[in-house]
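This report concerns only the one structure given below.
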Amino acid sequence: MDAVEPEVSSLKPYLQRQMLGGDRFYNLSRWGVLALLLGLSQLISGEPLWPSAASQNPITLVIWGYLAFAVLATIALFIPRLVPLLRFSFAVDLLVFILLTLLNPDPRDVLYPLFLLPLVNAAFRLHSSASLLTGLMTAIAYMAAYLVARIGPDNGSIPDDPLGYVGLLLRAIVLVFIPWITGGLAERWSASNRLSVALAEEKANQALREANAYRDQTRGLYEVAYTLATTHNYQNVLEVALAESQKLAPYTCGIVLLSTGHPDELFVAASRGLDEVDRTKTISISRGALGQALRSPDPMRINDVHREPELAELTSLQRCQTACLLPLRSGLNTYGVMLFASEQSGAFGNEDVGKLAALASYALVALQNAQLIFDLQQERTKLLSKEEEVRHQLARDLHDGPAQALAAITMNVEFIKRLLERDPGRVLPELDKLGQLAKRTTHEVRTMLFELRPLALETQGLDVTLQQYLERFQGNATDIILEAEGITAQLDTKVEGTLFNIIQEAINNALKHARAKHIWVRLRQTPTTLETIVEDDGRGFDLQKVRASYEKRGSFGLMNIEERASLMGGVAEVSSEPGKGTVWKVIVPLR
68 MDAVEPEVSS
78 LKPYLQRQML
88 GGDRFYNLSR
98 WGVLALLLGL
108 SQLISGEPLW
118 PSAASQNPIT
128 LVIWGYLAFA
138 VLATIALFIP
148 RLVPLLRFSF
158 AVDLLVFILL
168 TLLNPDPRDV
178 LYPLFLLPLV
188 NAAFRLHSSA
198 SLLTGLMTAI
208 AYMAAYLVAR
218 IGPDNGSIPD
228 DPLGYVGLLL
238 RAIVLVFIPW
248 ITGGLAERWS
258 ASNRLSVALA
268 EEKANQALRE
278 ANAYRDQTRG
288 LYEVAYTLAT
298 THNYQNVLEV
308 ALAESQKLAP
318 YTCGIVLLST
328 GHPDELFVAA
338 SRGLDEVDRT
348 KTISISRGAL
358 GQALRSPDPM
368 RINDVHREPE
378 LAELTSLQRC
388 QTACLLPLRS
398 GLNTYGVMLF
408 ASEQSGAFGN
418 EDVGKLAALA
428 SYALVALQNA
438 QLIFDLQQER
448 TKLLSKEEEV
458 RHQLARDLHD
468 GPAQALAAIT
478 MNVEFIKRLL
488 ERDPGRVLPE
498 LDKLGQLAKR
508 TTHEVRTMLF
518 ELRPLALETQ
528 GLDVTLQQYL
538 ERFQGNATDI
548 ILEAEGITAQ
558 LDTKVEGTLF
568 NIIQEAINNA
578 LKHARAKHIW
588 VRLRQTPTTL
598 ETIVEDDGRG
608 FDLQKVRASY
618 EKRGSFGLMN
628 IEERASLMGG
638 VAEVSSEPGK
648 GTVWKVIVPL
658 R
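Just so we're aligned: the sequence shown equals residues 68 to 658 in this note's numbering.
In structure tokens:
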């Protein structure tokens, strides 16, 4: 009860404002009734609206007295000490209407509806029994005033009209029960409203408790995130993640499984509560829960851990009943999975899973940052060596192509000069040869510039640029076929440039080494990705041998394409076997 008191006291100003608003609305209604009475007074009394000294009509005097009361009531609304007196102002209204009924001999009784307004007001202010008593007293007073006005000395004898008495009785009954019915409905509606308010307050308190719990969890997660962000060693990151997870959702065994680099194989990268013999094991992925978790972006809960064949190799998990699997995914890359197991059945409820998922996301970000720092260091070394190789390659291409052609053009010009003196008839054919050589040189230079940076990428898109590029290979022994299926995505120019370089690299490799008869370049757009496939029917190669000898060769082949795809946030896959051609597949996300 003590905890509720401040909430109730905080509602008092609100309730007071609501009550004051009701008084103001009722006072406004009183002014409306006054306006109606002022309009009817001349019709009822037959005298001018403005009272004079000679005016003796009591109806006009009562109306103007009622006007004075309305003015005083309006003034009282702005004086806080007088506001409580307005609680019973409806009694004055009833008294005025009874007087008007007493003074009005008209049998039509046009003033009867005016009783309803103060009676309804009384119904909202009084209990049902008090409102019933008020209605009964008003009905008696109304009937008495009505009869006195019509059987007085000025009106003669009692009217002989049974229907008139029946109508009077019905009107009196309405006056009796209107406040009682209205008050009863108001009390029941108020009870319903109070129940709704109580439920709303309970929900608000529950929301406040949840907000406080969420605040505490957020503070804890922030501390975890700060801890994870300050280390660049991924092993430390994983150990800290498991330790902090124990605080958020207690578990028996916690394991981080990462890819070994081989398809469908994971190793234990970090663990907590795991037996020593299990820490060096590798797990093969099949169609079980572990494989499903790696293919799904959402956490997964397992109720019978010992029935999962993939996890049977870890003997430490055999004593556990419930497990929670959290995939470590970022975009198209899947790094592994965090596994938490408990000996208790029904562990890891939705709230616990949410906490662990939040922590797993922080751990993933920190793990990515640590990996990125390592990758950037490696990339820096590779880029320096590749930049030097590009310089040498460009120098070789210029020396073997345009430089030799320009030297030949210079020699031919000198030769034509001597022919002009000795044998002018041979000059024209030599000039034709010189023009053809110049055209070939110009074509070679333009081809080199196009390969370095095609300007069409910035204006016409990747598919049009590829068409222009592949047109330069027409007439070669290898037929290059472009298949672009409705590419509508607007890619970043850097992404388009990188994709063009990857396709160019794959085509050049196929032309130089594969001895292919056909090369297919396919572009396919999905709602979230752009797939690029370069396939040839050449002689293929041994993929494992090429990967093993990459560091020794130091070329721009296989690893270069994979690294470029990774820089775009995508992935590159290659499949090849001797005698069966090669297929390159590059997938980049659409942002």
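Glycine included, each C-beta is placed from N, C-alpha and C at the ideal position.
Integer Cβ distance of residue i from residue j, believed to fall under 8 Å
| i | j | result |
| --- | --- | --- |
| residue 607 | residue 646 | 6 Å |
| residue 205 | residue 193 | That belief does not hold up - the Cβ atoms of residue 205 and residue 193 are roughly 12 Å apart, past 8 Å. |
| residue 399 | residue 656 | 6 Å |
| residue 461 | residue 508 | Contact doesn't hold; Cβ gap of about 16 Å is too wide. |
| residue 565 | residue 654 | With 8 Å as the limit, residue 565 and residue 654 do not qualify as a contact, their Cβ atoms being about 13 Å apart. |
| residue 406 | residue 322 | 5 Å |
| residue 573 | residue 483 | Not quite, the Cβ-Cβ distance comes to about 43 Å (not below 8 Å), so this is no contact. |
| residue 305 | residue 402 | Rounded, the Cβ-Cβ distance is 11 Å, inconsistent with contact. |
| residue 235 | residue 210 | 6 Å |
| residue 183 | residue 245 | 6 Å |
| residue 140 | residue 188 | In fact, because the Cβ distance is near 12 Å, the residues do not count as touching under 8 Å. |
Whether residue i touches residue j by CB criterion (8 Å)
| i | j | result |
| --- | --- | --- |
| residue 569 | residue 513 | no |
| residue 181 | residue 171 | no |
| residue 394 | residue 434 | no |
| residue 367 | residue 384 | no |
| residue 166 | residue 129 | yes |
| residue 388 | residue 359 | no |
| residue 203 | residue 185 | no |
| residue 355 | residue 330 | no |
| residue 426 | residue 308 | yes |
| residue 149 | residue 158 | no |
| residue 648 | residue 604 | yes |
| residue 390 | residue 408 | yes |
| residue 249 | residue 197 | no |
| residue 169 | residue 212 | yes |
| residue 537 | residue 563 | no |
Three-way DSSP call (helix, strand, coil) for residue i in this model
| i | result |
| --- | --- |
| residue 303 | helix |
| residue 158 | helix |
| residue 321 | strand |
| residue 177 | coil |
| residue 654 | strand |
| residue 569 | helix |
| residue 354 | coil |
| residue 576 | helix |
| residue 198 | helix |
| residue 638 | strand |
| residue 608 | coil |
| residue 413 | coil |
| residue 94 | helix |
| residue 341 | coil |
| residue 365 | coil |
| residue 346 | coil |
| residue 479 | helix |
| residue 63 | There is simply no residue 63 to check, as the chain begins at 68 and stops at 658 in what is shown. |
| residue 540 | coil |
| residue 591 | strand |
| residue 328 | coil |
| residue 546 | strand |
| residue 145 | coil |
6 Å CB neighbourhood of residue i in its chain, flanking five on each side removed
| i | result |
| --- | --- |
| residue 464 | none |
| residue 493 | 486 |
| residue 479 | 501 |
| residue 600 | 589, 652 |
| residue 78 | Confidence in residue 78 is poor, its pLDDT being 44 and thus under 50, which makes the residue's placement unreliable; the coordinate value appears in the next sentence. The answer is none, since no qualifying residue turns up. |
| residue 264 | none |
| residue 555 | none |
| residue 650 | 602, 642 |
7 Å CB neighbourhood of residue i in its chain, flanking five on each side removed
| i | result |
| --- | --- |
| residue 98 | 137 |
| residue 640 | 652 |
| residue 374 | none |
| residue 155 | none |
| residue 333 | 324, 325, 326, 327, 349, 350, 352, 403 |
Own chain partners of residue i with C-beta closer than 8 Å, once the 5 adjacent residues on each side are dropped
| i | result |
| --- | --- |
| residue 353 | 331, 376, 377 |
| residue 340 | 318, 319, 320, 321, 383 |
| residue 546 | 584, 585, 586 |
Check: residue i C-beta below 7 Å from any heavy atom of the ligand GDP
| i | result |
| --- | --- |
| residue 124 | The model on display carries no ligand, and the ligand GDP is accordingly not part of it. |
Point to revise | At least 3 beta-carbon pairs within less than 8 Å: the stretch 548 to 566 vs the stretch 575 to 589 | key: yes
Review point. Quick one: any contact between the stretch 417 to 430 and the stretch 309 to 321, if contact means 3 or more CB pairs under 8 Å?
Key: yes
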